[in-house]
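>
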Amino acid sequence: MQDQEQSTKTESAYRLLRRDILATRLRPGAPMKLSALRDRYEIGWTPLREALSRLEAEGLVTAISNRGFAVAPVSREALEDLTRARLVVEVPLLLEAIENGGSEWESAVVTAHYRLSRCKLAVETATEGEIDEWDEKHTAFHTALISAARSTWLLRFQATISDQLRRHHRFLSLAPTLKAAEGMSVGYQEAVAALADAMAIEHHTGLMEAALDRDVARASALMADHIGITINVFAQSEDGGLSKGYKPL
Numbered sequence: 267m268q269d270q271e272q273s274t275k276t277e278s279a280y281r282l283l284r285r286d287i288l289a290t291r292l293r294p295g296a297p298m299k300l301s302a303l304r305d306r307y308e309i310g311w312t313p314l315r316e317a318l319s320r321l322e323a324e325g326l327v328t329a330i331s332n333r334g335f336a337v338a339p340v341s342r343e344a345l346e347d348l349t350r351a352r353l354v355v356e357v358p359l360l361l362e363a364i365e366n367g368g369s370e371w372e373s374a375v376v377t378a379h380y381r382l383s384r385c386k387l388a389v390e391t392a393t394e395g396e397i398d399e400w401d402e403k404h405t406a407f408h409t410a411l412i413s414a415a416r417s418t419w420l421l422r423f424q425a426t427i428s429d430q431l432r433r434h435h436r437f438l439s440l441a442p443t444l445k446a447a448e449g450m451s452v453g454y455q456e457a458v459a460a461l462a463d464a465m466a467i468e469h470h471t472g473l474m475e476a477a478l479d480r481d482v483a484r485a486s487a488l489m490a491d492h493i494g495i496t497i498n499v500f501a502q503s504e505d506g507g508l509s510k511g512y513k514p515l
């Protein structure tokens with residue numbers, strides 16, 4: 267009974283920390299002091315240590331010699347690397363899903379697209395809750411697109427890449443654009459425009475239609491374009507100075 271209770275506490279600590287790391291509420295590169303985490307999440311020492319070890323294995327936390335743990339850092343170089351990895355993994359998964367998907371897959375894609383389309387987001391005035399909701403619906407749509415794929419290993423790789431990309435997207439692209447420090451106005455409108463374009467439903471509609479039409483050439487090209495958009499968003503933020511001096515969401 268005691269072991270089961272300990273396991274439940276560890277699982278709870280793991281889920282809470284993982285959620286806040288992916289949402290960048292725990293800032294990339296920030297030290298993860300056990301005393302501060304215990305007070306914030308009201309969880310004991312042992313569950314926290316075990317949860318941090320699990321997160322380290324997933325690449326979301328790094329262990330620092332004699333200094334404990336820190337949230338894994340993010341960088342433009344890592345974002346570009348992850349983007350290339352996503353291209354290598356997700357495009358074949360999409361084509362595999364198109365080949366194997368039946369009526370249930372089609373319904374799942376249409377439903378996920380509808381839910382995403384109903385998630386209205388004004389880029390410049392979005393609240394953290396609205397961003398969370400959009401992120402959830404967006405992830406669900408891309409998950410539905412590849413849900414009929416049969417490659418277990420590629421799906422595992424895609425899930426890992428997706429988690430890492432979510433926090434890179436949020437920290438490097440979304441956060442500086444929406445939370446630019448006062449006075450950092452140069453390039454702001456360009457960054458907002460790039461972000462609004464990246465989040466536009468039209469890109470996702472095109473992907474859905476190409477997938478449902480079983481048009482593998484068009485689906486591949488649209489997915490490749492869609493995956494590369496985030497680099498442009500970050501470039502606009504970075505070039506305008508918006509990626510410096512801000513606080514994460």
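Here the sequence shown is numbered in the numbering used here, starting from 267 and rising by one per residue.
Ideal Cβ positions, reconstructed from N, Cα and C, are used throughout, including at glycine.
Please read all numbers here as calculations on a predicted model, not as lab measurements.
Between which two residues does the alpha helix (DSSP H) containing R407 stretch?
The displayed chain sequence assigns Phe, not Arg, to residue 407. Note, F407: alpha helix (DSSP H), 394–411.
> In terms of residues, what are the limits of the beta strand (DSSP E) holding T328?
Segment 327–330, the beta strand (DSSP E) holding T328.
> Quick one: any contact between the region 361–369 and the region 424–435, if contact means 3 or more CB pairs under 8 Å?
The region 361–369, when compared against the region 424–435, does not touch it at the 8 Å Cβ threshold.
> F335 lies in the beta strand (DSSP E); which residues open and close that run?
Here the beta strand (DSSP E) through F335 covers 334–337.
> Mapping DSSP to helix, strand and coil, what is P294?
Note: P294 maps to coil in three-state DSSP.
> Going by DSSP, what residue range makes up the alpha helix (DSSP H) through S373?
369–383 is the span of the alpha helix (DSSP H), which, as asked, contains S373.
> If Y307 sits next to L288, beta carbons under 8 Å apart, how far is it from one beta carbon to the other, in whole angstroms?
The Cβ separation is near 15 Å, so there is no contact.
> Use the C-beta contact count for Y380: other C-beta atoms within 10 angstroms, 16 or more gives buried, fewer gives exposed.
Y380 is exposed by the Cβ-count criterion.
> Exposed or buried, which one is G367 when buried takes at least 16 other CB atoms within 10 Å?
Looking at its Cβ environment, which holds 16 or more other Cβ atoms inside 10 Å, G367 is buried.
> Would you identify the three-state DSSP class for G494, choosing helix, strand or coil?
Residue state, collapsed to three classes: helix.
> Among the candidates L321, K386, S278, E394, whose CA atom is the shortest distance from the CA of R291?
Nearest of L321, K386, S278, E394 to R291, Cα basis: E394.
> Whose C-beta lies closer than 7 Å to the C-beta of I330 among residues of the same chain, with five residues either side of it excluded?
If we look at I330 and ignore the five residues flanking it on each side, its Cβ neighbours are A336.
> Should E468 be labelled buried (16 or more other beta-carbon atoms within 10 Å of its own) or exposed?
Counting Cβ neighbours within 10 Å, E468 comes out exposed, since fewer than 16 surround it.
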